[in-house]
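Heads up: the structure comes next, in structure tokens.
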Amino acid sequence: MTDAFIYDAVRTPRGKGKADGSLHEITPVSLATQVLEAVRDRSEIDTAEIDDVAFGCVSPVGEQGAVVTRSAILNAGFSETTAGIHVNRFCASGLESINIAAAKVKSGEADLTIGGGVESMSRVPMGSDGGAWPTDPEVAFKTYFVPQGISADLIATKYGFSRDDVDAYAVESQKRAAKSWDEKRFEKSIVPVKDVIGEAVLDHDETVRANTDMQSLGALNPSFAALGEFPGFDYVALQKYGEIEKINHVHHAGNSSGIVDGAAAVLIGNEDIGKKLGLKPRARIRAMASVGSEPTIMLTGPEFAAKKVLARAGMDKKDIDLWELNEAFASVVLRFMQALDIDHNEINVNGGAIAMGHPLGATGAMIFGTMVDELERSGKETALVTLCIGGGMGTATIIERVN
Amino acid sequence: MSYETLSVEVDGDGIALVTIDLPGQSMNVWNEALMSDFAKWVDEFVADDNVKGAVITSGKESGFLAGADLGMLGGSSASSMKEAFENAFTLNSVLRKLETGGNSAKDLIKGNAHAKPVAAAVNGLALGGGLELVLASHHRVVADNPKLQLGVPEVQVGLLPGAGGTQRLPRLAGLQNAAMLATQGRPIDPATAKAQGIVQEVVPAGEVVAKAKEWVKANPKVTQPWDKKGFKFPGGGGAMDPRAVQFFVGANAMGQKETKHNYPAVQSILSCLYEGSIVPFDTAIRIESKYFTKLLADPQAKNMIRTLFINKQAAEKGAARPKDVPASDLKTVGVLGAGLMGAGITHVAVKGGMNVVVLDRDMDAAQNAVAYSKKILDKRVSRGKLTQDAADAFLAKIKPTADYNDLKDVDLIIEAVFEDPDVKADVIKKTEAVIGEDVIFASNTSTLPITGLARHSERPEQFIGMHFFSPVEKMPLLEIIPGKESGDKALAVALDFNRKIRKTPIVVSDVRGFYTNRVVPPYINEAMLMVKEGVKPALIENAAAGLGMPVGPLALTDETSLSLGLMLSRSTKKELGDDYQPTGTEDLLEKMVEGLGRHGRKSGGGFYEYPEGAKKHLWQGLSEHFPIADEQPSMDEVKERLLYAQLIPASHCLADGIVPDPTSADLGAIFGWGFAPWTGGPMSYIDTIGVEDFVRTAESLAQRYGERFHPPASFRDKAQSGEKLYSAAA
């Protein structure tokens, strides 16, 4: 099969996903447009060479509806021959879009593609698209639906992570993110976001708090205890996890991923197109995989996705130099480290969504780009990128540095 | 046209007064005769241009219409799901025709057509299909009586309001109110119904028909709100409105929390609200009837109807009563002993309309019974549920005494003294010396054989046992135990008394533990055996909750106390000697009580800790003494063990004739120890899964966990012959 190479990776900085966030005045289609423009301009390619663009977006309604990818392609002034697809695999949409874009290259359907994603959580709030899973009684009952925060607390309770454990993880995430910014580790891929008059409105991740400590986190109240009691999601979860007497609610705004706005794009192509266009490959996609997992605890999928993708790559855990797992909630990463016996020094080395935020549809592409940069910076060879996903799923991709 | 179940009078203005009055029935219900008459009348009404509108009322003082005839529902015998749907849809389509005047929704929405006005004049309770008829009327006038019940209780028998109730209620009152009414099944009063927009007028009882007519006359052309252009659900509806989405996400969680996935009706009701709020009305009622059909085809509804309504009512009316004994006239009851049980019995007897003479060894002790009732009544007075005068009148009917002579005029004796044969023998003798010769003597006991106690009686044929449960005023079951020599009259009087105090009675054999106390201990023991095996206590308790038990077996053990358990196991062992069968829990009880000082909730905690002012939680120290096993069973395995730990002893009780029939076994289980009501009782459950399946599972459990799981031989026979426990007619 044809190899899929990574030729470029860009992302916007992440803006606080509220009305006072710096990106709130920027439309989601503009965020998507700006990363597409950056990919085009940095590589100086004729967009007629780009066959297809896959963008993730988790709340595809309103201004994010109607295949926001196609809107962004046309808005960016790409050749009208470039097709666009909208992808939704909840929190892994950005990574899944890359996998789809890569699969098109590998299968020979396309020569040059873009994978990425966009989400303006400040403008199109999470959950805006409703859906049968939480809403339709037949499905909600059958799946024992609970919100993700309850699932994250269930993971902490079941696998024995205390409030201190999850808070300590969050403190470290903030430290790593701040240090990475200090050391300009994200410089290669950051595309400052511009407004209508062309002025830059944001050039850094807005939610990083370098001074976060155990004490400041300790003052925060658990976010999901009330929902657990009324309407009673805890009692729904315990019908499946009967060995637990009571869910220990440890997650709060400080150890969960931040709500932010942003977009990211990754340029993927086969070897020939790179040569033809004079592009230098930065990394190669080694393997990709997605799995379904138990939907009530919901967020344990990365363990199984990682095992599956390693098996597909014919690799062992020891063959991976860097691990990147989206920090949806601290317990998700702690459980992943526990399940696969991974050292904290090898995972999420530049911090993650707890510090920098999780723009749902874009995150997968952002952390993917972070790994491309980090492999080059550190001189390491392989990285495994994965995310936990709503409804009980996991998606994972293994990349290796080229040269 | 003439009808059997209703009459129609058309007045000079062309307004038809339809009076529903089922002949020979105390209450109007939707039975086949009314369905057929009503459908005919609607056809006629819609077609007859001389009739301008209609008022629907009831000819019964007892109420407007109490819903569907449960016997008819339970006995439905459609040959296919499609046919069952057509049957279920009949009333929906008749009511739809009534509210549309036979016009299409399209014509109504465009304003090209209107319906003739129909008003409901609701003079008394309207429940289930009764309320649904009211809802399908364009105008609803209800008598101003706070005791008048309006509701849709179908969920209580595993069904849903299937004549448009799940569609018209949310369109009138919003999703939230509709969900409360339909998923809980509790009725509301007229004022609440008006506030929620379910009815338009609440007027004095005598004026309901006149007010309804007035409205009909004033509104010659009408259209239901949901058949008008631009109709919106009050408070939002559908899958796109964020308010509705938020409602459903919450309601789905609450529904699962409350039902533990044991009552599909609740999910079906929510589905009707959800799906029905997305589509137009005519589609919505078809969806409703399909969910109704699905529920009706599930054995659960039939089981619940049979046990919780038909058989319960029959038992309470005295199904087990010897027919040829004339009705007794119980005015005054003598209660012996004013302890917890005596005081409780005194309370329910007064509540049942009788006077009570309550005797104890001195006046102070006897006064206990008065204090007991006073405490209950004070609470009701303070909550505004009872007037002080009524409370005083209640207490005045209790006469405490220490003098046996005060018993000489009583019509029935209920003895509730200390559970000691000698003490009982003494009071039997002293009482029989003063009471009338024909007075029945009932002994309340949970442990002593009645035949043995009857030996102390001069008139053993008039002697009978009653096993009340504590607290008497709350627990719904009464076990009645005839001794070897008890006569028909004793049983008849016991059942007459029961009818007055409104318990659910079962008549059981005079054996150790009677029925309920032969089943509950093995169930509790199974939980303790699991603790010994290292099963996580939370898993045991959650599994029991998941089965539908009201309280986990370990929590229950804490309530009744571990020390009592230890004491009973020792006394039983002493009494039976070599015949004693160890339960395997003796050492656990000994360690908990004597080794660790954990007696139960009231003293030292038990399996749980009981922190002051906080919720109880499992005692963490337990795992030090009974270590948690590395391998844990699945929740389903634990559920199965806890379920069969009840099914097996219950089946032995039936096989050995300790309970006379499956009905009594089912009623005793649900109302005695709270056995999962969704099953309709243990015997209904066994019939539903099939006796063969039950025997197979029991044998497999016996292999894995021990002989206590062996099913009775007669059940094995039934499994082979394919026989059911309930005969087809029951």
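Chains as they are written, first to last, in this note's numbering: chain S, -17 to 385; chain B, 572 to 1301.
Built from N, CA and C at the ideal position, the CB exists for glycine as well.
Proximity test, Cβ basis, 8 Å: residue i and chain B
| i | result |
| --- | --- |
| I226(S) | yes |
| Q221(S) | yes |
| F123(S) | yes |
| P474(S) | In the structure as shown, chain S begins at -17 and stops at 385. Residue 474(S) is therefore absent and cannot be evaluated. |
| F143(S) | no |
| G372(S) | no |
| Y217(S) | yes |
Simplified DSSP assignment, three categories, for residue i
| i | result |
| --- | --- |
| S275(S) | coil |
| S629(B) | strand |
| C370(S) | strand |
| D389(S) | The first residue shown for chain S is -17 and the last is 385, placing residue 389(S) beyond what the model contains. |
| V774(B) | strand |
| H1223(B) | helix |
| Y1179(B) | strand |
| E657(B) | helix |
| V128(S) | coil |
Contacting residues, own chain, Cβ-Cβ under 6 Å from residue i (five flanking each side not counted)
| i | result |
| --- | --- |
| T29(S) | R22, F60, S61, T64 |
| T194(S) | V153, Q156 |
| L1272(B) | Y1215, F1280 |
| F206(S) | G131, I132, D135, H231 |
| A1300(B) | Reliability of the predicted coordinates at A1300(B) is poor, the pLDDT of 45 falling under 50, and the value obtained from them is presented with this limitation in mind. Hits under 6 Å: none found. |
| Y1304(B) | Not covered by the structure: residue 1304(B). The range shown for chain B is 572 to 1301. |
Straight-line Cα distance separating residue j from residue i
| i | j | result |
| --- | --- | --- |
| V581(B) | K784(B) | 11 Å |
| V1079(B) | A1240(B) | 13 Å |
| F72(S) | K831(B) | 28 Å |
| F37(S) | A(-9)(S) | 14 Å |
| V1102(B) | A48(S) | 57 Å |
| A247(S) | I27(S) | 15 Å |
| G1105(B) | H1188(B) | 18 Å |
| N602(B) | A815(B) | 36 Å |
| A201(S) | S313(S) | 19 Å |
| L907(B) | E887(B) | 25 Å |
| D135(S) | Y223(S) | 12 Å |
| V1090(B) | Q1217(B) | 6 Å |
| Y1094(B) | G915(B) | 27 Å |
| V43(S) | P341(S) | 15 Å |
| R266(S) | A295(S) | 12 Å |
Contacts around residue i, its chain only, beta-carbon distance under 8 Å, and the 5 residues preceding and following it disregarded
| i | result |
| --- | --- |
| G1228(B) | S1080 |
| P107(S) | S41 |
| N1113(B) | G1123, M1206 |
Cutoff 8 Å: residue i Cβ touching any chain S Cβ
| i | result |
| --- | --- |
| Q522(B) | Examination of residue 522(B) is not possible in this model, given that chain B is present from 572 through 1301 alone. |
| V726(B) | no |
| H832(B) | yes |
| A1300(B) | Bear in mind that a pLDDT of 45 at A1300(B), under 50, signals an unreliable position, so the model cannot answer this. |
| A1304(B) | In the structure displayed, chain B extends from 572 to 1301; residue 1304(B) sits before or after that span and is not available. |
| E819(B) | According to the sequence shown, residue 819(B) is Phe rather than Glu. F819(B) counts as touching chain S. |
| S842(B) | yes |
| Y1094(B) | no |
| V1102(B) | no |
Neighbouring residues, chain D, relative to residue i (Cβ below 7 Å)
| i | result |
| --- | --- |
| L1127(B) | Within the model displayed, chain D is absent; protein chains S and B are what it includes. |
Same chain only: Cβ atoms within 7 Å of residue i, ignoring 5 sequence neighbours per side
| i | result |
| --- | --- |
| V665(B) | F609, A610, V613 |
| P1108(B) | V1102, L1125, F1178, L1189, L1193 |
| A567(B) | Residue 567(B) is absent from the model: chain B starts at 572 and stops at 1301. |
| M(-17)(S) | K88 |
| V11(S) | E45, V50, S53, A54, N57 |
Whole alpha helix (DSSP H) runs in the region 64 to 119 of chain S with 4 or more residues, listed along the chain?
75 to 89, 114 to 117
Length-filtered (4 minimum) alpha helix (DSSP H) runs lying within the region 915 to 972 of chain B
934 to 953, 959 to 967
Residue ranges of each beta strand (DSSP E) within the region 745 to 818 of chain B, 3 or longer:
772 to 774
Segments assigned alpha helix (DSSP H), at least 4 residues, entirely inside the region 597 to 622 of chain B
603 to 618
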